[in-house]
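Undergrad: Residue numbers (our numbering), protein chains in the order written: chain A, 17 to 256; chain B, 657 to 921.
Before we start, here is the structure in question, set down as structure tokens.
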């Protein structure tokens, strides 16, 4: 069976770079939240991570350093593969409400409770055709991009709070803490599903492998991303 | 409970409003111009009630046992020291969000304009490391301020508390008892100036709305993943699309990789 190129080397690299940065920033960032009203990973976690890094100030410095590396990596990717970045953004924000919402509803049902409830509700279990990304991938990518913008903007404000933020603008720092926490939390909620779908779900295994090899089998592409494949082969007006 | 409990016991009737304590604090702690870590408040004489003398009341951070400033700090940069019970700020961890400042009922915190971070009395930590008393205590000419460890019954502060049981005053806001570790002996005025702690809306939103929202979203997501995992483990697989057995060099249909822009992610 033929294999179809799906990801560039720079795409694969930025994906895993982003994943590594997210993991490191999450581990260090959650350790920087230390308040009994919050403590998302438990009361003992902040103290344990801080000990590991040589104290709270050192952990904060590492977290900020990682954030700078993360931002620099993404900027470098955009510089190296600008067309790829534009393609990615265009694809994830191109939503066809009727087709994509129905796909989302049906896919969520099929993945959790199965086809029977769909049939009972008068729906067929067939999924509407999807393009380069399915709606689940689009939703998570949208959350990652928008969340990433919020995370970076608020992170920059917090990092610069003791350098350039005047007294009259301190409210920005307070709100940055809150919005940083919100954005990370919501993207993390989506990340759990993303990791499951990509690395554990058997249906998506070829997609996971393609994030290393760059290629997917043709029948996988036809089944999961028909509009994209059709666009490539000129069969119909799919995503190109 | 901390190993020690540092506290200040104040006989405000001895205060003569010389403000030497304030000057000494500024000097000892390099407090920027326009800022103060401590204060002397005054009550006007009430001639109608026959009170011909005013009253001066020295104060500063009360190093509370129920510190509302600590509750307002998202990073734990301000905390109650497990060693001596003082409420301290780790400047290296403070991100300058300012949440703690309005959360103090006593106005004991301020944003230090030199470091752009929260600042307040730390009982002169640097002086204490050298075995000295806080500067305000050392310099007071009438010894209105007494500082010590309440867990040490031989300390002057503990002795004063023991001797004055029943006539101790702790200044608290009307609806919030922060359990301050600053005790006034006998009558002191003014008494109704502490305000209710008012953490900024950003912190209230974080603890009251954002945190439950985030934890609910993560929990629902986790449940969804468990449901999917359960279905995967206990149902038969659908036909695979794994392309096993195909040559790695296989190309894109149609005109091959050239059909697809190299930039697709």
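Backbone N, C-alpha and C define an ideal beta-carbon position, used for all residues, glycine too.
Taking the beta strand (DSSP E) that residue 838(B) belongs to, which residues open and close that run?
TA: Unbroken beta strand (DSSP E) run through residue 838(B): 838 to 841.
Undergrad: Looking at chain B, which residues of the region 35 to 57 of chain A have a Cβ within less than 9 Å of any of its Cβ atoms?
TA: The region 35 to 57 of chain A vs chain B, Cβ under 9 Å: 48, 49, 50, 51, 52, 53, 54 and 56.
Undergrad: Measure how close the beta-carbons of residue 846(B) and residue 699(B) come, nearest whole angstrom, since I'm counting them as under 8 Å.
TA: Between residue 699(B) and residue 846(B) the Cβ distance is about 5 Å, and since that is below 8 Å, they are a contact.
Undergrad: Which of the three DSSP states is assigned to residue 823(B) in this structure?
TA: Coil at residue 823(B), not helix or strand.
Undergrad: What three-state label does DSSP hand residue 109(A) in the structure shown?
TA: The answer is coil: DSSP assigns residue 109(A) none of H, G, I, E or B.
Undergrad: According to DSSP, what are the bridge partners of residue 231(A)?
TA: Note: residue 231(A) sits in a beta bridge opposite 21(A).
Undergrad: Does the beta carbon of residue 167(A) come closer than 9 Å to any beta carbon on chain B?
TA: Not one chain B Cβ lies under 9 Å of residue 167(A).
Undergrad: Quick one: Cα of residue 79(A) to Cα of residue 95(A), how far?
TA: Their Cα atoms are separated by approximately 24 Å.
Undergrad: Give a yes or no on whether the C-beta atoms belonging to residue 774(B) and residue 733(B) are separated by under 9 Å.
TA: Cβ distance < 9 Å, so residue 774(B) and residue 733(B) count as in contact.
Undergrad: Do we get a CB-CB distance below 9 Å when we pair residue 155(A) with the residues of chain B?
TA: Closer than 9 Å: no.
Undergrad: Taking a cut of 7 Å between CB atoms, which residues from the region 58 to 74 of chain A lie near chain B?
TA: Cβ contacts with chain B come from 62, 72 and 73.
Undergrad: Between residue 51(A) and residue 731(B), is the Cβ-Cβ spacing less than 9 Å?
TA: Yes.
Undergrad: How far does the alpha helix (DSSP H) with residue 201(A) in it reach, from first residue to last?
TA: Note, residue 201(A): alpha helix (DSSP H), 186 to 211.
Undergrad: Please list, in chain order, all residues of the same chain as residue 835(B) whose beta carbon is under 6 Å from its beta carbon, the five residues on each side excluded.
TA: Contacts found: 720, 721 and 722.
Undergrad: Beta-carbon of residue 204(A) versus every beta-carbon of chain B: anything under 9 Å?
TA: Chain B contact via Cβ: present.
Undergrad: Is there a Cβ from chain B that is less than 9 Å from the Cβ of residue 115(A)?
TA: For residue 115(A), the answer is no, since every Cβ of chain B falls outside 9 Å of its Cβ.
Undergrad: Less than 9 Å between CB atoms is the rule here; does residue 878(B) satisfy it with respect to chain A?
TA: By this cut-off, residue 878(B) is an interface position.
Undergrad: Exposed or buried, what is residue 661(B) when buried is set at 16 or more other beta-carbons lying within 10 Å of its beta-carbon?
TA: Result: buried.
Undergrad: With DSSP as the reference, label residue 867(B) as helix, strand or coil.
TA: In the structure shown, residue 867(B) sits in a helix (DSSP, three-state: H, G or I).
Undergrad: Cα separation between residue 893(B) and residue 217(A)?
TA: Roughly 10 Å between the two C-alpha positions.
Undergrad: Taking Cβ-Cβ distances below 9 Å as the criterion, which residues of the region 721 to 743 of chain B are in contact with chain A?
TA: So the close ones are 726, 727, 728, 729, 730, 731, 732, 733 and 735.
Undergrad: Note down, in chain order, each residue of its chain lying with its Cβ closer than 6 Å to the Cβ of residue 676(B), except the 5 sequence neighbours on either side.
TA: So the list reads 795, once near-sequence residues are dropped.
Undergrad: Using beta carbons (cut-off 9 Å, strictly below), is residue 613(B) in contact with chain A?
TA: One cannot answer for residue 613(B) here, as it falls past the ends of chain B, which runs 657 to 921.
Undergrad: With 9 Å as the threshold, decide whether the Cβ of residue 128(A) is near any Cβ in chain B.
TA: Yes - at least one Cβ of chain B is within 9 Å of the one on residue 128(A).
Undergrad: Hey, how far is the Cα of residue 859(B) from the Cα of residue 199(A)?
TA: So the two alpha carbons sit approximately 15 Å from each other.
Undergrad: Just to confirm, is the Cβ distance from residue 110(A) to residue 751(B) under 9 Å?
TA: Contact flag unset, no.
Undergrad: Less than 9 Å between the beta carbons of residue 724(B) and residue 780(B), yes or no?
TA: No, they are not a contact pair.
Undergrad: Would you mind stating whether residue 866(B) and residue 204(A) have Cβ atoms separated by less than 9 Å?
TA: Contact flag unset, no.
Undergrad: Is DSSP giving residue 770(B) helix, strand or coil here?
TA: Here residue 770(B) sits in coil by DSSP.
Undergrad: Looking at the secondary structure, which residues open and close the beta strand (DSSP E) in which residue 801(B) lies?
TA: Run containing residue 801(B): 801 to 805, per the beta strand (DSSP E) assignment.
Undergrad: I want to see whether chain B comes within less than 9 Å of residue 178(A), judged by CB atoms only; does it?
TA: Yes, its Cβ sits closer than 9 Å to a Cβ of chain B.
Undergrad: Using a Cβ-Cβ distance under 9 Å, would residue 697(B) count as near chain A?
TA: Not closer than 9 Å to any Cβ of chain A, the Cβ of residue 697(B) fails to qualify, so no.
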